[in-house]
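Chemist:
Chains as they are written, first to last, in the numbering used here: chain A, 1 to 114; chain B, 1001 to 1115.
(1) Would the beta-carbon of residue 1035 of chain B be found less than 8 Å away from any heavy atom of the ligand GTP?
(2) Going by CA-CA distance only, name the one from A:25, A:8 and A:58 that's closest to residue 72 of chain A.
(3) Measuring only between beta-carbons, confirm whether residue 1044 of chain B sits less than 9 Å from chain A.
(4) Looking at the strands, I want to know which residues DSSP matches up with residue 1077 of chain B.
(5) Could you tell me which chain C residues have their CB closer than 9 Å to the CB of residue 59 of chain A, listed as they occur along the chain?
(6) With DSSP collapsed to three states, give me the class of residue 1005 of chain B.
(7) Using DSSP with H/G/I as helix, E/B as strand and the rest coil, what is residue 1082 of chain B?
(8) Per the DSSP calculation, residue 1051 of chain B is bridged to which residue(s)?
(9) Is residue 1097 of chain B helix, strand or coil when you go by DSSP?
(10) Could you name the residues of the same chain whose beta carbon sits closer than 6 Å to that of residue 68 of chain A, not counting the 5 residues immediately before and after it, in chain order?
(11) Spatial neighbours of residue 1078 of chain B within its chain, please: C-beta separation below 7 Å, excluding the five flanking residues on both sides.
(12) So, is the C-beta of residue 1059 of chain B closer than 9 Å to a C-beta in chain A?
(13) Going along the chain, which residues of its own chain have a beta-carbon closer than 8 Å to the beta-carbon of residue 1038 of chain B, five neighbours each way excluded?
(14) In angstroms with no decimal places, state the Cα-to-Cα distance between residue 9 of chain A and residue 1041 of chain B.
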């Protein structure tokens, strides 16, 4: 069964450094999402992406964040200058866009900012 | 402010019992409702979706939706120790600009099934 994949599984970085989190959505899915979950807290929406542009973003998704779909398969989240409070699990999700609006989540990247 | 509320638990049930998980949501235009299961340190895994008022059954799981009361629940019959996890209620509000809309999650209810 097709799955969303994410790399790396764990990223450790110093405060102020840039990180890029990578996702490969399920093939033929049209809608892509990033969510994050700070330890012990709820899953929070960051951004959705459709037709090569951002369709919606939350208040969390400020100028430090950006997303890209550099080729036909990868979907990336970049954090330009990481802060301690960016430490969280980051989940990528994708949705087919037709027939169902179910979102399928990848395994996540644990980001630790020191 | 669109919110999804769940009792954080923990909810403890004996093996073989029925576990009942509840969720309320604030936005009346919510259209799609999902239950995800999340094991510690793992990603949300879809259990069920429900769109219409009433019950929807899938194996040992039954989702119930009451839009008038803004309430959605999940029943797990014949609970097993492997069902021990955090259950996340998620609500989607469709947008009108071409997006399918993002999910709004509750904090989750931690379920513990005792052998």
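Beta carbons: idealized from backbone N, C-alpha and C, even for Gly.
Modeler: According to the structure data:
(1) Ligands displayed in this structure: none; no statement on the ligand GTP is therefore possible.
(2) Along the first chain, read from residue 1 onward, the residue named residue 72 of chain A stands at position 72. Checked all of A:25, A:8 and A:58; the closest Cα to residue 72 of chain A is A:25.
(3) What you label residue 1044 of chain B is simply residue 44 of the second chain in a count that begins at 1. Yes - at least one Cβ of chain A is within 9 Å of the one on residue 1044 of chain B.
(4) Within the second chain, numbered from 1, the residue matching residue 1077 of chain B stands at position 77. DSSP, once it has assigned bridges, lists no residue as partnering residue 1077 of chain B.
(5) This model lacks chain C altogether, as its protein chains are A and B.
(6) By one-based count along the second chain, residue 1005 of chain B stands at place 5. Here residue 1005 of chain B sits in strand by DSSP.
(7) Along the second chain, read from residue 1 onward, the residue named residue 1082 of chain B stands at position 82. Three-state DSSP puts residue 1082 of chain B in a helix.
(8) In the second chain, counting from the first residue as 1, residue 1051 of chain B sits at position 51. Answer is none; residue 1051 of chain B lacks a bridge partner.
(9) Numbered from its first residue, the second chain carries residue 1097 of chain B at position 97. In this prediction, residue 1097 of chain B has a pLDDT of 49, which is less than 50 and means its spatial position is unreliable; nothing more can be read from the coordinates.
(10) Counting from 1 along the first chain, the entry for residue 68 of chain A is found at position 68. 76, listed in sequence order.
(11) Against the second chain, residue 1078 of chain B aligns to sequence position 78. The residues are 1016 and 1060.
(12) Residue mapping note: residue 1059 of chain B aligns to position 59 of the second chain, counting from 1. Not one chain A Cβ lies under 9 Å of residue 1059 of chain B.
(13) Your numbering for residue 1038 of chain B matches position 38 in the second chain. Counting only Cβ-Cβ distances below 8 Å, and skipping sequence neighbours, we find 1044, 1045, 1085, 1086, 1087, 1088 and 1108.
(14) Position 9 of the first chain, counting from 1, holds the residue named residue 9 of chain A. Position 41 of the second chain, counting from 1, holds the residue named residue 1041 of chain B. Roughly 11 Å separates the two Cα atoms.
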